[in-house]
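See structure below.
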Amino acid sequence: MALSPFIDQHGILRVGGRLDKNRQGDDNLHPVIMPKNHYVTRLLVRKFHHQVLHQGRLLTEGALRSGGFWVVGAKNLIRSEIKSCVTCRKLRGSFGWQKMADLPEDRIQPAPPFSYVGVDTFGPWTTTQRRTRGGTVNQKRWALMFTCLVSRAVHLEAIEELSTASFINALRRFVALRGPVIQFRSDRGTNFIGAVHELKIPSDLVENPVSKKYLKENKIMWVFNPPHASHFGGAWQRMIGASRKILDSLLLNHKGPLTHEVLTTFLMEVSAILNARPLVAVSTDPDAPQVLSPDMLIHQKTIHTSQLDIPVFGTKDALKSSWKQVQYLADQFWQRWRIEYMQSLQIRQKWLTEGRQFQKGDVVLMRDASLARNQWPLAIVTETFESNDGRVRKVKIFCGRNRTFYVRPVTQLCCLIEVAK
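Written as structure tokens, this is what we have:
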């Protein structure tokens, strides 16, 4: 054997090698041979892993060898112990994930514009309210974004404050202009939750089958994303980023004071630019010059409308021709929407594999961006919520530090101790 083992005067199996003449010298030159599957060997690995302050495999293996032990198959054993070490998971463990879910029905079913809407706020910007002898009085303004989840159209409203009253006023303006809404989606902002209670709109704040059945029976509802789960609202979060870039460009070229009226005008221009964006790659086919954009459905207008070869009708047929033109544009949008845009949503961009299913009783580490990782609170999973595909993407946890229940996505949790199946 390569190790040339021998038994010393105490009956212990040691490594011989080529240093046979030093058998009576330093014991570290002849480490004790340990089997990899023995419980005592695991205890030794844990001991030296703790001595090196839970560092990686190389440091642990070096400390083990310096301690006078030669473990057969040490690499795999140390790797296994580090993987199951609770302290290492707490310091460097990865967060949970789950395979990307299928798109909900409100993203893939044709519907009138702004029937299914995602809502969020962003800002603020400092605006000049009025001039006084001592200078100017400035106030902050925010923007409220309504995103159509089907046609991907955008509507922006300027609001004075992040309050329930200000949001309800903006919501009334939006509904008056765009028509009734079937379903809203948003995060759990205080202004959104307050508006739901004020307007008595049913919501899914209570995560149970009874409430979900009640929501389906209503004509309008409000669906809240789990807290700290911005990826649940990626459809409108991406639009916020695009809106900021366009607005920054407009503000860069604006020389005068930024007033509420100017900001409102800029927000309308941002909406127009976003609604004219192509939803799919622009075709190079000269026979299909029109770009598939939300404007095709909202305004029923394109830059090529005036070039359509529309026959001249009499007075009675004038309305019919107008109706045919509008219907033609709408049909063109939905036809290209199904063929081109829907196909672009088919591919999953990330989370391609299935992650571990969190279970009731798992001990987890709850992420808190305001604290260092070694100060994140521990919690225990008390309830799991399965999606339509049977996968768990959000759970209810109990935090013992402040004795409070939270609902969190699995991407914000690091599992420390897995419950036995």
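Okay, so the sequence shown: first residue is 1 according to the working numbering, each after it adds one. Built from N, CA and C at the ideal position, the CB exists for glycine as well.
For Met366, no alpha helix (DSSP H) segment is defined; the enclosing uninterrupted segment is the beta strand (DSSP E) at 363–366.
In this structure, DSSP gives Thr147 an extended state, which the three-state scheme calls strand. Excluding its 5 nearest sequence neighbours in each direction, Thr404 has C-beta neighbours in its own chain below 8 Å: Phe398, listed in chain order. Remark: C-beta atoms of Trp142 and Gly118 do not approach each other more closely than 7 Å. Rounded to the nearest whole angstrom, the CA to CA distance from Val395 to Pro409 is 6 Å.
Contact fails between the segment 378–391 and the segment 332–352, because fewer than three Cβ pairs, one in each stretch, are under 8 Å apart. Ile298 and Arg277 have their C-alpha atoms spaced approximately 13 Å apart. Residue pairing by DSSP puts Asn138 in a beta bridge opposite Thr128. Three or more beta-carbon pairs separated by less than 8 Å link the segment 136–154 to the segment 164–178, which places the two stretches in contact.
Spanning the alpha carbons of Tyr341 and Gln349 requires a straight line of approximately 16 Å. Shown here, Cys88 sits in a helix according to DSSP, grouped into three states. Scanning Arg244, Glu160, Thr121, Val32 for the CA closest to the CA of Ser66 turns up Val32.
Arg14 and Gly73 have their C-alpha atoms roughly 16 Å apart. Looking at Val52, Gly241, Asp8, the one whose alpha-carbon comes closest to that of Cys88 is Val52.
Within the same chain, Cβ atoms closer than 7 Å to the Cβ of Ala158 are found at Arg141, Ala143, His260, Leu263, Thr264, Leu267, the five residues on either side in sequence being excluded. Nearest Cα to Ser186 within the set Asn253, Arg356, Lys75, Pro226: Pro226. A contact between stretches requires three or more CB pairs, one per stretch, nearer than 8 Å, and the segment 89–97 fails this requirement with the segment 187–196. Trp97 sits close to Gly355, with the two beta carbons spaced by under 7 Å.
In the structure shown, Val410 adopts helical secondary structure according to DSSP, grouped into three states. Nearest neighbour of Gly256 by Cα position, chosen from His10, Thr128, Pro112, turns out to be Thr128.
Inter-residue distance for Cys415 and Asn138 is about 47 Å (C-alpha atoms, whole angstroms). Burial state of Ala379 is buried, judged by a 10 Å Cβ sphere holding 16 or more other Cβ atoms. Closest in alpha carbon position to Ala111, among Cys148, Val71, Leu77, Asp102, is Cys148.
The Cβ atoms of Ser243 and Val270 lie closer than 7 Å to each other.
For Ile182, the closest C-alpha among the options Met34, Pro202, Gly234 is that of Pro202.
The straight-line gap separating the alpha-carbon atoms of Pro5 and Leu58 is approximately 24 Å.
The C-alpha of Gly16 is placed about 51 Å away from the C-alpha of Gln412. Lys394 sits in a strand when the DSSP states are folded into three classes.
Distances from the CA of His49 to each of Leu247, Ile220, Ser84 were compared; the closest alpha carbon is that of Ser84.
For His155, the enclosing beta strand (DSSP E) covers residues 154–159. Residues Trp97, Lys99, Met100 of the same chain have their beta carbon placed closer than 6 Å to that of Trp351, with the five preceding and five following residues left out of the count. Residue state for Leu59 is assigned as helix, using DSSP reduced to three classes.
In the DSSP assignment, Glu198 falls within the alpha helix (DSSP H) that extends over 190–199. The Cβ atoms of Val392 and Gln357 sit closer than 7 Å to each other. A check of alpha carbon separations from Phe174 across Val223, Lys200, Ser115 identifies Ser115 as the nearest. The alpha-carbon separation between Ser230 and His30 amounts to approximately 57 Å.
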